[in-house]
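Novice: Listed in order, the protein sequences are those of chains A and B. Read in order, the letters of the first sequence are residues 1 to 339 in my numbering. Read in order, the letters of the second sequence are residues 1001 to 1339 in my numbering. Positions of the beta carbon are idealized from the N, C-alpha and C atoms, including for glycine.
Number of protein chains: 2
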Amino acid sequence: MRAVIMRAPGDVIVTDADRPTISEPTDAVIELAAACICGSDLWPYRGFDQVENRPMGHEYVGTVTEVGDAVSSVKPGDFVVGSFCLSDNTCEICEAGYQSRCVAGGFANGTQAEFVRIPQADGTLVVVPGGRPDDPEVLASLLAASDVLGTGWFGAVAAEAGPGKTVAVVGDGAVGLLAILAAKELGSERIIAMSRHPQRQALAREFGATDIVEERGDEGVTKVKELTGGLGAHSVVEAVGTQQAMEQAIGACRSGGHVGFVGVSHDVTLPGGLLFGKEIHLHGGPAPVRRFLPDLIQRILDREINPGKVFDLRLPLDKAPEGYRAMDERRAIKVLLQP
Amino acid sequence: MRAVIMRAPGDVIVTDADRPTISEPTDAVIELAAACICGSDLWPYRGFDQVENRPMGHEYVGTVTEVGDAVSSVKPGDFVVGSFCLSDNTCEICEAGYQSRCVAGGFANGTQAEFVRIPQADGTLVVVPGGRPDDPEVLASLLAASDVLGTGWFGAVAAEAGPGKTVAVVGDGAVGLLAILAAKELGSERIIAMSRHPQRQALAREFGATDIVEERGDEGVTKVKELTGGLGAHSVVEAVGTQQAMEQAIGACRSGGHVGFVGVSHDVTLPGGLLFGKEIHLHGGPAPVRRFLPDLIQRILDREINPGKVFDLRLPLDKAPEGYRAMDERRAIKVLLQP
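Laid out in structure tokens, this is it:
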């Protein structure tokens, strides 16, 4: 089968690889209907994370072709979405809603391919009612649910977005944009998108942003405070992962408010005195997408949300290297790959 | 009147000072029935904070002697407890329960004296039903409510202590001990006190601790995990303010759990990757004692709780320097000063 490999930073190829098979009784093998490139794939691409001949991809939607003996909730022929975090969905941590930190957990890997093996299939995959959708937009939205939508959603939940709340979102990548969609769906009153890209601003508004702040850093914080009676937003989602973005998020949040951070932290250090003095709530990490997946799938099938709109470039799997370049250069928000 | 002044680190005197008067229409003057030395007073005493001729003390209980023209909720003769944080208790931040970050806020100061001026009297002071209590134990407990009980309580609330929860408390000073009492009152199932002092362990057990862990740092974390099926506590209160204590608190908390930190952060830096990877909730800062004060006063008057037990040394105000020495050398948990 064809699969995407990152040989080194900036060096992505599509190559032949062995088709995966069942190796644990809890595994399933899926034939991918679509995969995509994640913002987090850019960390190794840009050399911020070590990488050497790594099979790429952790977002996926597709048809089950084979299951291990212990798998009971999915069967060959089922059309499924799975979380990028593997989980048994039965341990105490999973039951508390943190499937991203399951005691038997891990991460899906190698989904930028024709087939992928998913461990912990029972606790990770969710069957899509009605099977594979005919509408490619619905298919793209289901793919988004696997990580980018679920991550934006978790950011908004961690920031306690909801009725009566003003929510600010730091980061206008796909996760930030979908955090806006989530904040809107959760009933937030006002949503401030922090973005300086016209195309992304337009999508932010379409997803529910009521205000746009183009300034960054301290100036961005000042602007958010001006929009919120000098107090700051009730809820702030951080969807970048850098020191500047985290400081901007904490700065833009009012005391007693909530910062949800879902950008993968890189070289971020937070002074205890800042956290003590601001007295915000801080919560984040890899999104427990499995917690939200049944609800998100239903909202997509009901055409209530259309998160697949973040895919503004669709390429055949063989063109994956061009997809990485487009995202790296911010020519594309998010790239869908068709095996 | 007599008042305690810290001239420099380690140098505390009791001296004559002007009796305070009303300077703003929102002020009240209080004749103190009791005051005390706070663990946070040890930061400047030990030279970790700058200090020069500072009037000391921010915990207080006493009788109102005078009020400004704008004060309506307390009057001369009322016996009151106030928060160490000043608040108008009407702004949006106060209404959200964060009176410690009131837009018109500040901190009480100079309560280790015979009289003190309290700004923002209406929003800061709470009248004790029934007036000054005859029982000195009740008086001591009301004094504790002003900060140390309120702070321990906030730590437990921030850590979401409650029914079904295992709560670990890092720090066996008065705040840590009262966080144990709070965790118990809030219905927690199991409470792990981290302490290596026999006397403090005894009080911890009296306040509700079910387990004692004497180990610190990584060993302490390992021990808490052993007691919690390898997962860590649901809730952890940090009541020290050092890097080691904060790391111990985060380490001892399970993923998805809550760390409430109320130790005043000194030279603490938290790696974003640790917070992302552990996926705990983190919340803390100066306690919004005013939020809890009416409830705490009632629990004290009902003899449901006896937080005044943390005062294991009672001295006349003139002996304040000895009180500071006793707390610095950990000979006393907390010192009550009688003007």
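Can you pull out the residues from the region 265-294 of chain A whose beta carbon lies closer than 9 Å to at least one beta carbon of chain B?
Specialist: Of all residues in the region 265-294 of chain A, S265, H266, D267, V268, T269, L270, P271, G272, G273, L274, L275, F276, G277, K278, E279, I280, H281, L282, H283, G284, G285, P286, P288 have a Cβ within less than 9 Å of some Cβ in chain B.
Novice: So what does DSSP say about A/M327, is it helix, strand or coil?
Specialist: For this step, residue 327 of chain A is matched to residue 327 along the first sequence. DSSP places A/M327 in helix when its eight states are reduced to three.
Novice: To the nearest angstrom, how far is it from the Cα of A/I300 to the Cα of A/L142?
Specialist: Looking up residue 300 of chain A in the first sequence gives position 300. Looking up residue 142 of chain A in the first sequence gives position 142. Those two C-alpha atoms are separated by around 7 Å.
Novice: If we count the other Cβ atoms within 10 Å of its Cβ and call it buried at 16 or more, is A/A202 buried or exposed?
Specialist: Numbered from 1 along the first sequence, position 202 holds the residue referred to as residue 202 of chain A. Counting Cβ neighbours within 10 Å, A/A202 comes out exposed, since fewer than 16 surround it.
Novice: Can the beta-carbon of A/L326 be found less than 8 Å from the beta-carbon of A/L317?
Specialist: Within the first sequence, residue 326 of chain A is the residue found at index 326, counting from 1. Within the first sequence, residue 317 of chain A is the residue found at index 317, counting from 1. According to the sequence provided, residue 326 of chain A is Ala. The question's Leu does not apply to it. No, they are not a contact pair.
Novice: Taking any Cβ of chain A, which residues in the region 1082-1116 of chain B have a Cβ under 7 Å from it, in chain order?
Specialist: Residues passing the 7 Å Cβ filter: E1092, I1093, A1096, G1097, Y1098, S1100, R1101.
Novice: On the DSSP bridge list, what partners appear for B/R1002?
Specialist: Counting from one through the second sequence, the residue named residue 1002 of chain B turns up at place 2. Beta-bridge pairing links B/R1002 to B/D1016.
Novice: Given a limit of 7 Å on CB to CB distance, which residues of the region 10-44 of chain A reach chain B?
Specialist: Cβ contacts with chain B come from no residue of the region 10-44 of chain A.
Novice: What first and last residue would you give for the alpha helix (DSSP H) that runs through B/C1094?
Specialist: Taking the first residue of the second sequence as 1, we reach residue 1094 of chain B at position 94. Element bounds for B/C1094: 1092-1095.
Novice: Quick check: the Cα distance between B/A1209 and B/E1279, rounded to an integer number of angstroms?
Specialist: If you number the second sequence from 1, residue 1209 of chain B lands on position 209. If you number the second sequence from 1, residue 1279 of chain B lands on position 279. One C-alpha to the other measures close to 26 Å.
Novice: Given a cut-off of 8 Å, decide if A/A252 and A/F261 are closer than it, judged by their beta-carbon atoms.
Specialist: Taking the first sequence and counting its residues from 1, one reaches residue 261 of chain A at position 261. Taking the first sequence and counting its residues from 1, one reaches residue 252 of chain A at position 252. Not in contact: A/F261 and A/A252 (Cβ atoms no closer than 8 Å).
Novice: Can you give me the Cβ contacts of A/G131 inside the same chain, cut-off strictly under 7 Å, excluding the 5 residues immediately before and after it?
Specialist: Locating residue 131 of chain A in the first sequence gives position 131, where the first residue counts as 1. For A/G131, where only same-chain residues beyond five positions count, the Cβ hits under 7 Å are F79.
Novice: Apply the 10 Å Cβ neighbour rule to A/P119 and answer buried if 16 or more other Cβ atoms are within range, or exposed otherwise.
Specialist: Taking the first residue of the first sequence as 1, we reach residue 119 of chain A at position 119. Looking at its Cβ environment, which holds 16 or more other Cβ atoms inside 10 Å, A/P119 is buried.
Novice: Once DSSP output is grouped into helix, strand and coil, what is the label at B/Q1050?
Specialist: Against the second sequence, residue 1050 of chain B aligns to sequence position 50. Residue state, collapsed to three classes: coil.
Novice: Name, going along the chain, the residues of the region 1233-1257 of chain B whose beta-carbon falls closer than 7 Å to a beta-carbon of chain A.
Specialist: Answer in chain order: M1246, R1254, S1255, G1256.
Novice: So, at 7 Å on beta carbons, what are the nonlocal neighbours of B/V1103 in its own chain, with the 5 sequence-adjacent residues on each side left out?
Specialist: By one-based count along the second sequence, residue 1103 of chain B stands at place 103. For B/V1103, where only same-chain residues beyond five positions count, the Cβ hits under 7 Å are C1091, I1093.
Novice: Mind listing the chain B neighbours of A/L231? Cutoff is C-beta to C-beta under 9 Å, in chain order.
Specialist: Here residue 231 of chain A is taken as the residue at index 231 of the first sequence, counted from 1. C1091, E1092, I1093, V1103, listed in chain order.
Novice: Determine the direct distance from the alpha carbon of B/E1238 to that of B/F1276, and round the result to whole angstroms.
Specialist: Against the second sequence, residue 1276 of chain B aligns to sequence position 276. Against the second sequence, residue 1238 of chain B aligns to sequence position 238. Those two C-alpha atoms are separated by around 19 Å.
Novice: In its own chain, which residues sit with a C-beta less than 8 Å from the C-beta of A/P55, not counting the 5 before and 5 after it?
Specialist: Residue 55 of chain A sits at position 55 when you count from the first residue of the first sequence. Taken in chain order, the residues that qualify are A3, V4, I5, A17, N109, G110, Q112, A113.
Novice: Compare the beta carbon distance of A/V236 and A/G263 with 8 Å and say whether it is the shorter of the two.
Specialist: In the first sequence, the residue the question calls residue 236 of chain A occupies position 236. In the first sequence, the residue the question calls residue 263 of chain A occupies position 263. No. Outside cutoff.
Novice: With H, G and I counted as helix, E and B as strand and the rest as coil, what does DSSP make of B/M1246?
Specialist: The residue labelled residue 1246 of chain B in the question sits at position 246 within the second sequence. Residue state, collapsed to three classes: helix.
Novice: Answer with buried or exposed for A/A70, where buried requires no fewer than 16 other C-beta atoms within 10 angstroms of its C-beta.
Specialist: In the first sequence, the residue the question calls residue 70 of chain A occupies position 70. So A/A70 ends up on the exposed side.
Novice: Can the beta-carbon of B/L1337 be found less than 8 Å from the beta-carbon of B/A1035?
Specialist: Looking up residue 1337 of chain B in the second sequence gives position 337. Looking up residue 1035 of chain B in the second sequence gives position 35. Yes.
Novice: Could you tell me whether the Cβ atoms of B/S1072 and B/G1150 are closer together than 8 Å?
Specialist: Sequence index remark: in the second sequence, residue 1072 of chain B carries index 72 (1-based). Sequence index remark: in the second sequence, residue 1150 of chain B carries index 150 (1-based). Taking 8 Å as the Cβ cut-off, B/S1072 and B/G1150 do not qualify as a contacting pair.
Novice: Counting C-beta neighbours from all protein chains within 10 Å, is the total for A/P288 16 or more, i.e. buried, or is it exposed?
Specialist: For the purposes of this step, residue 288 of chain A is identified with residue 288 of the first sequence, where counting begins at 1. Buried: at least 16 other Cβ atoms inside 10 Å.
Novice: Within the same chain, show all residues whose beta-carbon is closer than 8 Å to that of A/P44, passing over the 5 residues directly before and after it, in chain order.
Specialist: Walking along the first sequence from the start, residue 44 of chain A turns up at place 44. Contacts found: M6, P9, Q50, V51, R54.
Novice: So for A/Y343, helix, strand or coil by DSSP?
Specialist: Nothing about residue 343 of chain A can be reported from this structure: the residues present for chain A run from 1 to 339 only.
Novice: Run through DSSP, which three-state label would B/A1332 get?
Specialist: One-based indexing of the second sequence puts residue 1332 of chain B at position 332. In this structure, B/A1332 counts as coil in the three-state DSSP scheme.
Novice: Starting from A/S235, trace the beta strand (DSSP E) in both directions and tell me its first and last residue.
Specialist: Numbered from 1 along the first sequence, position 235 holds the residue referred to as residue 235 of chain A. 233-238 is the span of the beta strand (DSSP E), which, as asked, contains A/S235.
Novice: Helix or strand or just coil, what does DSSP make of A/T124?
Specialist: Locating residue 124 of chain A in the first sequence gives position 124, where the first residue counts as 1. It is helical.
Novice: According to DSSP, B/R1117 sits in a beta bridge with which residue or residues?
Specialist: Reading the second sequence from its first residue, position 117 is the one you call residue 1117 of chain B. According to DSSP, B/R1117 bridges with B/V1029.
Novice: Let me make sure I understand the geometry here. Which of A/F311, A/T228, A/R254 has the alpha-carbon closest to that of A/A159?
Specialist: What you label residue 159 of chain A is simply residue 159 of the first sequence in a count that begins at 1. Looking at the Cα atoms, A/R254 is the closest of the given residues.
Novice: Would you say A/L177 and A/A140 are within 8 Å of each other, going by their C-beta atoms?
Specialist: As a first step, residue 177 of chain A must be located in the first sequence, where it is residue number 177. As a first step, residue 140 of chain A must be located in the first sequence, where it is residue number 140. Not closer than 8 Å, so no.
Novice: Report, in whole angstroms, the separation of the C-beta atoms of A/A156 and A/V310, which I expect to be a contact under 8 Å.
Specialist: For the purposes of this step, residue 156 of chain A is taken as residue 156 along the first sequence, with counting starting at 1. For the purposes of this step, residue 310 of chain A is taken as residue 310 along the first sequence, with counting starting at 1. Contact flag wrong, Cβ pair sits at about 15 Å.
Novice: Would you say A/C38 and A/E59 are within 8 Å of each other, going by their C-beta atoms?
Specialist: One-based indexing of the first sequence puts residue 38 of chain A at position 38. One-based indexing of the first sequence puts residue 59 of chain A at position 59. Cβ distance < 8 Å, so A/C38 and A/E59 count as in contact.
Novice: Please confirm whether A/K184 and A/I191 have their CB atoms less than 8 Å apart.
Specialist: As a first step, residue 184 of chain A is located in the first sequence; it is residue number 184 there, counting from the start. As a first step, residue 191 of chain A is located in the first sequence; it is residue number 191 there, counting from the start. Yes; because the gap between Cβ atoms is below 8 Å, this pair is in contact.
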